[in-house]
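From first to last, the protein sequence lines are chains A and B.
Heads up, the first sequence is in this note's numbering, so the first residue is 1008 and it goes up one at a time.
Heads up, the second sequence is in this note's numbering, so the first residue is 4 and it goes up one at a time.
Cβ atoms here follow ideal geometry from the backbone N, Cα and C, with glycine treated the same way.
One structure is given here, and the rest of the page talks about it.
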Amino acid sequence: EAGVAQSPRYKIIEKRQSVAFWCNPISGHATLYWYQQILGQGPKLLIQFQNNGVVDDSQLPKDRFSAERLKGVDSTLKIQPAKLEDSAVYLCASSLGLNTEAFFGQGTRLTVV
Amino acid sequence: TQLLEQSPQFLSIQEGENLTVYCNSSSVFSSLQWYRQEPGEGPVLLVTVVTGGEVKKLKRLTFQFGDARKDSSLHITAAQPGDTGLYLCAGESGNTGKLIFGQGTTLQVKP
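Structure representation (structure tokens):
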């Protein structure tokens, strides 16, 4: 069974530029999560989708971050404009439902210079 | 705000030694999960504990959930170099699937 696919694996941008990350969850998984993991810290939930609806985006910095899952499958996370403190690994995870095991992708490592 | 404090943050031991990692909070969680993360990879689930006082064993790893469901521990017996990695605890609040992670414990096991 294919796992959670994320791209790109690495991205380096200058501050104030924009960037987008893509996630393809495991087939049939209704719940999709985006986490931010800053070096030396545990992952922090940014946004949680159930199909194409948002369940929780309370920790998403909405002035610069946006995410969508229009057809309830793939998802994109965008940052515009990026700040130095956005340098982190962005992890996508998916699960069958709200109360089931989440499987993580390999993440996208973003460096903002 | 719910927080999970892990200790120690770093641990470097010799092969064959035992170790315990702690995960503490002032909040009650409906379940607590332990993950292991290797460099360049996403976290991989090791175990989920749900009931207060629950103990689960996974080969040389023993996981315990506190009676009040606020804390947990991970004990590794006779550590091996293959156990090297970042260990993360994560608490689930309610039944939303939302996980609150601790800051992680970096374990290095030297041969």
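DSSP, reduced to helix, strand and coil, places G85(B) within a helical segment of the structure shown.
Identification of residues in the segment 1033-1064 of chain A having a C-beta nearer than 9 Å to some C-beta of chain B yields T1038, Y1040, Y1042, Q1044, G1047, Q1048, G1049, P1050, K1051, L1052, Q1055, Q1057, V1062 and D1063, given in sequence order.
DSSP, read as helix, strand or coil, puts E1092(A) in helix.
Interface annotation for the segment 16-34 of chain B against chain A: empty, criterion Cβ-Cβ distance under 8 Å. Counting only runs of 4+ residues, no alpha helix (DSSP H) is found wholly inside the segment 1009-1090 of chain A. Under the Cβ criterion of 9 Å, E1092(A) is not counted among the residues facing chain B.
Per the C-alpha coordinates, the member of K1022(A), Y1040(A), D1064(A) and Q1024(A) positioned closest to S1101(A) is Y1040(A). Put simply, the CB of T1107(A) is near chain B, with a gap under 9 Å to one of its CB atoms. Counted as a single uninterrupted DSSP element, the beta strand (DSSP E) harbouring F104(B) occupies residues L102 to F104. V24(B) sits away from R72(B), with the two beta carbons spaced by 9 Å or more. Around the C-beta of A1109(A), 16 or more other C-beta atoms lie within 10 Å, and the residue is accordingly described as buried. The C-beta distance from V1120(A) to I1019(A) rounds to 6 Å, short enough to fall under 8 Å. At the C-beta level, Q1013(A) and G1104(A) stay beyond 9 Å of one another. Within 8 Å of the CB of P46(B), the CB atoms of chain A belong to P1050, L1098 and F1111, in sequence order along the chain.
Under the three-state reduction of DSSP output, D70(B) falls in the coil class, being neither helix nor strand.
Excluding residues up to 5 positions away in sequence, I1086, Q1087 and P1088 lie with their Cβ nearer than 7 Å to the Cβ of R1071(A) in the same chain. The C-alpha of W37(B) lies about 22 Å from the C-alpha of G19(B).
Here L1077(A) has N1059 as same chain residues with Cβ atoms under 7 Å from its own Cβ, once five neighbours each way along the sequence are excluded. Of all alpha-carbon atoms in Q67(B), E57(B), D86(B) and K113(B), the one lying nearest the alpha-carbon of Q40(B) is that of D86(B).
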